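Before any comments, here is the structure.
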């Protein structure tokens, strides 16, 4: 089947219509590195998300999970250099202050603002600097500046991670853009990574939740760098309808095209994260054929991907298939040794 979407040259998180962004240095990081970003939808947007499965969840994750229940978002405020994780009641209060300050600047409801933080765990946010940074972000919001925001959320990343795709829905040109960060603590069920996806497609909220969940499962939940899981990982998808298409619902024939484009974009962002992993020298893509179920295939691939013995042999340029067999056999997946090719 031919691909239903095309890649946007120089695409980023503001390639879709009616999105603005800002990226500034607020003083969270030393020097003059950008460390705060703001993404705004001019129109109210349907929103869906996925979060860390770690039982230890950062304050911003808990606040965003709560705000997500409203189903509508106008903005996402993000900071790097401080994860605001393991900071207790104060951490949650600071995350709420970030959403309230952003809402005041944009004249929307705090519940329509989501918040993401990434960086060092266990330190309180320098909240005064953060609040001043939010005011500055609001002042310098611009269209078509998504790359600035993408740089502002980087921590140990060495390159910006951004892309966009285009497709046609009901005769309307629709764009989906994204930015992400992540280089360490990357293991299936996301990990220390953030990804923000924007689209000018109109999508029913429940439908957006379903296709987002499916795309995350087939992208970010299938990567591994160091096997560690973070406290802050977040994927957020905003759909503001500025393209003017008829809102997509679960029974629409065009939904498959949109879902494929969203999945393709998330898979590209996941690959960018793996390619920029801390200490990365090789990128391997694992494919399992002939498993009894998709769940068994995933178990086998994950066992191989996280095996220290397999990874050290690959780093040394030795395929050492015996270690791969050992990892598969210990994966807990159903398999028949005599049928392994």
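Residue numbers (our numbering): 36 to 376. Positions of the beta carbon are idealized from the N, C-alpha and C atoms, including for glycine. Keep in mind the model is a prediction, meaning the values are calculated, not measured.
Taking residue 232 as the centre and dropping the five residues before and after it, the same chain places the C-beta of 213 and 272 closer than 6 Å to its C-beta, in chain order. Look at the beta carbons and you see the region 245-254 touching the region 288-300: at least three pairs across the two are nearer than 8 Å. As summarised for the region 342-370, there are no continuous beta strand (DSSP E) elements at least 3 residues long confined to that stretch.
When rounded, the separation of the alpha-carbon atoms in residue 207 and residue 284 is 16 Å. The alpha-carbon of residue 301 is positioned some 7 Å away from that of residue 251. Boundaries of the beta strand (DSSP E) around residue 210: 207-216. The beta carbon of residue 110 lies closer than 8 Å to those of 73, 74, 75, 76, 137, 138, 141, 143, 147, 148 and 149 in the same chain, with the five residues before and after it left out. Excluding its 5 nearest sequence neighbours in each direction, residue 303 has C-beta neighbours in its own chain below 6 Å: 198, listed in chain order.
Taking every protein chain shown into account, the CB of residue 374 has fewer than 16 other CB atoms within 10 angstroms, so this residue is exposed. For residue 170, the closest of 134, 203, 308 and 125 by C-alpha to C-alpha distance is 134. Residue environment for residue 41: exposed (fewer than 16 other C-beta atoms within 10 angstroms of its C-beta). The DSSP assignment places complete beta strand (DSSP E) segments of no fewer than 3 residues inside the region 260-337 at 269-274, in order along the chain. The C-beta distance from residue 153 to residue 115 rounds to 5 Å, short enough to fall under 8 Å.
For residue 98, the enclosing alpha helix (DSSP H) stretches over residues 94-103.
According to DSSP, residue 118 shares a beta bridge with no other residue. One Cα belongs to residue 368, the other to residue 354, and the distance between them is close to 22 Å. The beta-carbon distance between residue 235 and residue 181, rounded to whole angstroms, is 13 Å. This is too long to meet the 8 Å contact definition. Around residue 290, the same chain offers 242, 246, 283 and 284 as residues with beta carbons nearer than 8 Å, after the five sequence neighbours per side are excluded. Per the C-alpha coordinates, the member of 106, 65, 160 and 321 positioned closest to residue 131 is 160.
Within a 10 Å sphere around the beta-carbon of residue 210 sit 16 or more other beta-carbons, which makes this residue buried. In the three-state reduction of the DSSP assignment, residue 40 falls in the coil class, being assigned neither a helical nor a strand state. Per DSSP, residue 144 lies in no beta strand (DSSP E) and is assigned neither H nor E. Sequence-distant partners of residue 60 (beyond 5 residues in either direction) whose C-beta falls short of 7 Å from its own C-beta, in its chain, are 67, 68, 69 and 70.
Residues 210, 212, 233, 234 and 235 of the same chain have their beta carbon placed closer than 6 Å to that of residue 51, with the five preceding and five following residues left out of the count. At a Cβ-Cβ threshold of 8 Å, residue 267 and residue 85 do not count as neighbours. Inter-residue distance for residue 205 and residue 97 is about 37 Å (C-alpha atoms, whole angstroms). The C-alpha of residue 349 is placed about 38 Å away from the C-alpha of residue 94. With fewer than 16 other CB atoms across the displayed protein chains lying within 10 angstroms of its CB, residue 324 is exposed. For residue 55, the uninterrupted beta strand (DSSP E) segment begins and ends at 54-59.
Annotation: residue 167 is outside any beta strand (DSSP E); the continuous alpha helix (DSSP H) that includes it extends over 162-174. The continuous alpha helix (DSSP H) containing residue 246 extends over residues 240-252.
The alpha carbon of residue 39 has as its nearest neighbour, out of 358, 56, 352 and 298, the alpha carbon of 298. Each of 346, 363 and 342 was checked against the Cα of residue 335, and the nearest Cα belongs to 363. With 16 or more other Cβ atoms inside 10 Å of its own Cβ, residue 64 counts as buried. In this model, residue 376 and residue 329 are separated by some 18 Å (Cα to Cα).
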